[in-house]
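Novice: Here it is, the structure, as structure tokens.
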Amino acid sequence: MKAEYKLQIERSKSNRKKVKVKLDSLKTKASEAVDNHIHQLHDRAFENIDCLQCANCCKTTSPIFEQADIDRISKSIKLPVGKFITSYLQMDEDGDFVLQSAPCAFLNTDNTCKIYDVRPKACAEYPHTNRKKMKEILDITFENAMVCPAVSFITDRIKLD
Ligand code: SF4
Ligand code: SF4
């Protein structure tokens, strides 16, 4: 991972309480205002951050694999669904299918994804900072600030009056 991305995440990790306070400050704001604010910061973050120089999400966390993801990916890589599950997935404590190991088995050494066109919906939507109703996922956003330099950049700059 690019050094400046690592530094960005480290800032969040060593300021966990501040990050939490900033995100909590959004709970009393209007949902639309929160979405607009975060979405603007999301666009700013990704003006400068290149996922191909990072891939920290793919290296350290797992997406949830929904049944539709499993069916689509299995078909694409020509593996029976059962074989795909036993080869790559495990069930977590919430009963969701997640990767057996990190980094993701589908991550190439140049940080591209072997199954990019059929990747899980959760991968396509990560880090979820451009979705609607951001107030519903402030806790997830907090955790993602410790993983994703873009989310860390965003939480650093939250300031909504
Ligand atoms: S989404 Fe975030 S953690 Fe994942 S590769 Fe892009 S910048 Fe890195
Ligand atoms: S499936 Fe692709 S995008 Fe998703 S975690 Fe694995 S390498 Fe990353």
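Using my numbering, the first residue of the sequence shown is number 3, and each one after it goes up by one.
By construction, the Cβ of each residue, glycine as well, lies at the ideal position given by its N, Cα and C atoms.
#1: Going along the chain, which unbroken runs of the alpha helix (DSSP H) with 4 or more residues stay wholly within the stretch 33-64?
#2: Identify whether M136 lies in helix, strand or coil by the three-state DSSP scheme.
#3: Within the present structure, is the beta-carbon of V149 separated from the nearest heavy atom of ligand 1 by less than 7 Å?
#4: Any idea which residues DSSP pairs V100 with across the strands?
#5: At the level of alpha carbons, what is the spacing between C60 and F108?
#6: Below 7 Å, is the gap between the Cβ of P129 and the nearest heavy atom of ligand 1?
#7: Tell me which same chain residues have a C-beta within less than 7 Å of the C-beta of Q102, skipping the five on either side of it?
#8: Taking contact to mean 3 or more Cβ pairs, one atom from each stretch, closer than 8 Å, check whether the stretch 16-33 and the stretch 119-126 are in contact.
#9: Judging by CA-CA distance, which residue of T157, C150, A57 is the nearest neighbour of C106?
#10: Straight-line CA distance for F48 to N146?
#11: Given H44, which residues of its chain have a CB within under 8 Å of its CB, disregarding the five upstream and five downstream residues?
#12: Can you tell me whether S14 is buried or exposed, with buried defined as 16 or more other CB within 10 angstroms of its CB?
#13: Going along the chain, which residues put their C-beta within less than 6 Å of some heavy atom in ligand 2?
#14: Taking 7 Å as the cut-off, is the beta-carbon of A152 closer than that to any non-hydrogen atom of ligand 1?
#15: Please say whether I142 and L28 have beta carbons closer to each other than 8 Å?
#16: Measure the C-alpha to C-alpha separation of I72 and K85 and round it to an integer number of angstroms.
Specialist: Per the coordinate set shown:
#1: Entirely contained in the stretch 33-64, the alpha helix (DSSP H) runs reaching 4 residues are, in chain order, 33-50, 58-62.
#2: helix
#3: yes
#4: Note: V100 sits in a beta bridge opposite Q92.
#5: 9 Å
#6: yes
#7: Hits under 7 Å: Y90, L91, Q92.
#8: no
#9: Nearest to C106 by C-alpha distance, out of T157, C150, A57, is A57.
#10: 15 Å
#11: T131, N132, A152, I156
#12: buried
#13: Checking every Cβ against the heavy atoms of ligand 2 under 6 Å gives C60, P65, C106, F108, L109, C115, I117, R121, P122, C125.
#14: yes
#15: no
#16: 11 Å
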